[in-house]
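Residue numbers (our numbering): 343 to 666.
Right under this line is the structure:
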């Protein structure tokens with residue numbers, strides 16, 4: 343009883359502190375208004391009609407896409423992180439597990455010099471502040487924790503990579519974090535068209551360049567957001583042979599239909615590094631069995647699987663290609 347009361351008081355205090363540090367958005371600049379108009383024009387051109395056969399796991403995301411598109415016209419897209427369809431699926435508020443993750447980040451020897459500057463938020467999207475670190479947000483802390491766990495497990499740095507493919511990139515937050523940490527290679531986000539449109543809007547709004555596929559393939563750095571499988575295959579074919587390539591799928595692959603997984607994974611099988619987060623089951627799909635089979639089919643990768651203690655039923659699957 344006392345523990346429940348204490349937890350309620352802690353949550354209330356956290357919400358109060360976050361609300362105190364919350365600030366209204368400043369008026370839109372001319373550049374921001376141009377990006378909003380482009381976002382709406384791109385959404386107006388999107389067809390989100392039902393496919394002939396849709397499973398439960400895909401139907402949920404299709405409905406989310408429709409809701410995002412609708413809100414882009416009804417509301418100010420500069421506040422998209424306040425939309426429930428986004429905050430509920432992609433943006434943890436003051437969830438208790440974020441406190442655990444923040445404590446872990448604070449314990450790192452390079453917290454002050456590396457991680458703290460990297461998790462400094464900007465106002466685009468109008469994120470709610472994280473009550474223990476008001477200059478950041480719960481989602482950015484959450485993403486930083488994923489990266490920190492990957493680096494600790496693999497004893498490697500994301501700054502040493504030169505090619506990243508993120509499958510299911512949310513609104514672009516993890517891509518932003520990589521840039522903050524000093525990543526300087528090519529970063530590709532593959533997602534549904536509604537979300538690649540949102541990602542371009544977000545990344546451009548915070549001052550990052552999002553380039554065309556042609557520009558990306560001809561360069562050693564840059565960011566691209568794509569939703570066409572053939573375009574992704576074309577980009578992946580240009581990955582460097584040095585082995586510094588990372589595939590990221592944080593609760594995206596595990597929420598995808600099996601046929602989608604079968605389309606994506608062959609494109610990234612030659613990659614040298616893997617950062618996957620997944621839940622044990624998603625609707626009709628047994629993810630524990632799926633990823634066990636995936637590991638068995640790829641014995642050339644040194645797999646490191648770890649439970650996420652503060653998120654019961656969820657696991658990390660990290661991998662590095664055997665250097666021999």
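Glycine included, every Cβ here is placed at the ideal spot set by N, Cα and C.
Contacting residues, own chain, Cβ-Cβ under 6 Å from residue i (five flanking each side not counted)
i           : result
residue 514 : 541, 544 and 545
residue 587 : 505, 581, 613 and 614
residue 365 : none
Own chain residues within Cβ distance below 8 Å of residue i, not counting five before or after
i           : result
residue 460 : 486, 519, 522 and 523
residue 375 : none
residue 652 : 438, 439, 442 and 443
residue 287 : Nothing about residue 287 can be read from this structure; the chain reaches only from 343 to 666.
residue 495 : 646, 648, 658 and 660
residue 453 : 447
residue 664 : 642, 643 and 644
residue 582 : 504 and 505
Beta-carbon proximity of residue i to residue j, cut-off 8 Å
i           : j           : result
residue 662 : residue 650 : no
residue 420 : residue 466 : yes
residue 484 : residue 443 : yes
residue 532 : residue 574 : yes
residue 470 : residue 615 : no
residue 385 : residue 411 : yes
residue 591 : residue 618 : yes
residue 381 : residue 539 : yes
residue 624 : residue 596 : yes
residue 390 : residue 409 : no
residue 415 : residue 507 : no
residue 528 : residue 563 : yes
residue 377 : residue 498 : no
residue 413 : residue 403 : no
residue 462 : residue 449 : no
Neighbourhood of residue i by C-beta distance below 7 Å, restricted to the same chain and skipping five residues each side
i           : result
residue 657 : 620, 647, 648, 649 and 650
residue 633 : 620 and 659
residue 622 : 629, 630 and 655
residue 645 : 637, 659 and 661
residue 600 : 627
residue 348 : Since pLDDT at residue 348 reaches only 49, below the 50 mark, its modelled position is unreliable, and no value is offered.
residue 594 : 509 and 510
residue 369 : none
residue 557 : 564
Expected contact under 8 Å - CB spacing of residue i and residue j to nearest Å
i           : j           : result
residue 535 : residue 388 : 6 Å
residue 294 : residue 606 : Look at the range of the chain in this structure, 343 to 666, and you will see that residue 294 is not part of it.
residue 406 : residue 431 : 6 Å
residue 423 : residue 468 : 6 Å
residue 525 : residue 553 : Their Cβ separation, rounded to whole angstroms, is 15 Å, which puts residue 525 and residue 553 out of contact at 8 Å.
residue 577 : residue 530 : 6 Å
Opening and closing residue of the alpha helix (DSSP H) in which residue i lies
i           : result
residue 373 : 372 to 386
residue 513 : Counting along the chain, residue 513 falls outside any alpha helix (DSSP H), and DSSP gives it neither H nor E.
residue 647 : Careful: residue 647 lies outside any alpha helix (DSSP H), inside the beta strand (DSSP E) at 643 to 649.
residue 390 : Where residue 390 is concerned, there is no enclosing alpha helix (DSSP H), given that its DSSP letter is neither H nor E.
residue 448 : 438 to 448
residue 653 : Residue 653 -> no alpha helix (DSSP H), and no H or E assigned at all.
residue 544 : 535 to 547
residue 472 : Taken as a continuous stretch (DSSP letters only), residue 472 belongs to no alpha helix (DSSP H), as it is neither H nor E.
residue 487 : 480 to 496
residue 619 : From DSSP, residue 619 is part of no alpha helix (DSSP H) but of the beta strand (DSSP E) over 615 to 621.
residue 576 : 571 to 578
residue 632 : 629 to 639
Delimiting residues of the beta strand (DSSP E) encompassing residue i
i           : result
residue 587 : 587 to 592
residue 606 : Run containing residue 606: none in the beta strand (DSSP E); it sits in the alpha helix (DSSP H), 600 to 610.
residue 560 : Premise fails: residue 560 is in no beta strand (DSSP E) and is neither H nor E.
residue 663 : 656 to 663
residue 530 : 528 to 532
residue 431 : Run containing residue 431: none in the beta strand (DSSP E); it sits in the alpha helix (DSSP H), 426 to 432.
residue 455 : Looking at the DSSP string, residue 455 is not in any beta strand (DSSP E), and its letter there is neither H nor E.
Residue-level contact to chain D via CB, residue i, 8 Å cutoff
i           : result
residue 642 : Considering every chain present, this structure includes no chain D. It has just one protein chain.
Checklist entry - Three or more beta-carbon pairs under 8 Å between the region 490 to 510 and the region 443 to 459, yes or no? => result Segments in contact, yes.
Checklist entry - Does the pairing of the region 595 to 609 with the region 564 to 583 give three or more beta-carbon distances under 8 Å? => result Touching, per the Cβ criterion.
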